[in-house]
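Structure first, then comments.
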Amino acid sequence: MNSKIKILIIEDNKVLLDSYKEIINEAKNFCTIGAYSNCEEAILNLKNDNPDIALIDIQLPGINGIEGLKKMKKIKSDLLSIIITVHNDTKYIFDALCAGAIGYLTKNTEPDELINALNEAYRGGAPMSALIARKVVESFVSPKEKDLSDRENSVLQLLAKGKSYASIGKELNVSINTIKTHTRNIYEKLQVNSKEEIIKKYNN
Numbered sequence: 023m024n025s026k027i028k029i030l031i032i033e034d035n036k037v038l039l040d041s042y043k044e045i046i047n048e049a050k051n052f053c054t055i056g057a058y059s060n061c062e063e064a065i066l067n068l069k070n071d072n073p074d075i076a077l078i079d080i081q082l083p084g085i086n087g088i089e090g091l092k093k094m095k096k097i098k099s100d101l102l103s104i105i106i107t108v109h110n111d112t113k114y115i116f117d118a119l120c121a122g123a124i125g126y127l128t129k130n131t132e133p134d135e136l137i138n139a140l141n142e143a144y145r146g147g148a149p150m151s152a153l154i155a156r157k158v159v160e161s162f163v164s165p166k167e168k169d170l171s172d173r174e175n176s177v178l179q180l181l182a183k184g185k186s187y188a189s190i191g192k193e194l195n196v197s198i199n200t201i202k203t204h205t206r207n208i209y210e211k212l213q214v215n216s217k218e219e220i221i222k223k224y225n226n
């Protein structure tokens, strides 16, 4: 048992909790070190359990999974944690990731996908259900920027670096007038009035 990767589960639905335990304990390289229906008990026993990975639901009695995770990370900073929940909206996803979760799965995850996610997490990855990964990627593109064409996005990136129309035209192999036209379209779509505003807003 000591050679296996130790998993802590926090899930208030007993059927699901037992299901996760069975899936994990049947896997050759994992074992369930603790299974709790709330964060309070898990936190109380965290040092004694000393898990490698925590599998945590969000909607729990008492402290929710995200707040519970924050408290557990203060006790065991190297704890790897994966949220597994029915919630797939962006706020929950980013609250969980900001709290220290390295993975985010939905509860319709198949048993083999769950084991793959645990293996990925242990190897340093960040396992996410396909839907969750797509939401994370989409969140980095604001609706206004998504309205831009590929060429306009290229011009925007160069404008944000402070480049002149002439140098942008040269880099993209088009005329200055074409760059000016793209820039007017960008200003209109992003509701900015000058290159200075673009630099301030988009240059990280």
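Okay, so the sequence shown: first residue is 23 according to my numbering, each after it adds one. The beta carbon of each residue, even a glycine, is placed where N, CA and C say it ideally should be. It should be emphasised that the depicted structure is a prediction, and the values quoted were computed from it without experimental measurement.
Excluding the 5 residues preceding and the 5 following residue i in the sequence, name in chain order all residues of the same chain whose CB lies nearer than 8 Å to its CB.
| i | result |
| --- | --- |
| residue 53 | 23, 26, 27, 28, 29, 46 and 47 |
| residue 202 | 187 |
| residue 93 | 61, 65 and 85 |
| residue 75 | 27, 28, 29, 30, 101, 102, 103, 104, 140, 143 and 144 |
Closer than 7 Å by C-beta to residue i: which residues in its own chain qualify, once you throw out the five before and the five after it? Chain order, please.
| i | result |
| --- | --- |
| residue 55 | 28, 29, 30, 71 and 73 |
| residue 51 | 26 and 27 |
| residue 95 | 101 and 122 |
In three-state DSSP terms, what is residue i?
| i | result |
| --- | --- |
| residue 107 | strand |
| residue 38 | helix |
| residue 221 | helix |
| residue 30 | strand |
| residue 66 | helix |
| residue 123 | coil |
| residue 216 | coil |
| residue 72 | coil |
| residue 49 | coil |
For residue i, report the span of its beta strand (DSSP E) as first-last.
| i | result |
| --- | --- |
| residue 56 | 52-58 |
| residue 77 | 75-78 |
Excluding five sequence neighbours on each side, which residues of the same chain lie with their C-beta closer than 6 Å to the C-beta of residue i?
| i | result |
| --- | --- |
| residue 59 | 34 |
| residue 87 | 78, 79 and 80 |
| residue 57 | 31, 39 and 43 |
Taking the alpha helix (DSSP H) that residue i falls in, what are its first and last residues?
| i | result |
| --- | --- |
| residue 95 | 87-97 |
| residue 100 | Residue 100 -> no alpha helix (DSSP H), and no H or E assigned at all. |
Hey, which unbroken runs of the beta strand (DSSP E) at 3 residues or more fall wholly within the segment 125-208? Counting only runs of at least 3 residues, the segment 125-208 fully encloses the following beta strand (DSSP E) elements, listed from N- to C-terminal order: 125-128.
With a threshold of 8 Å, are at least 3 pairs of Cβ atoms found where one atom belongs to the segment 147-155 and the other to the segment 120-129? yes
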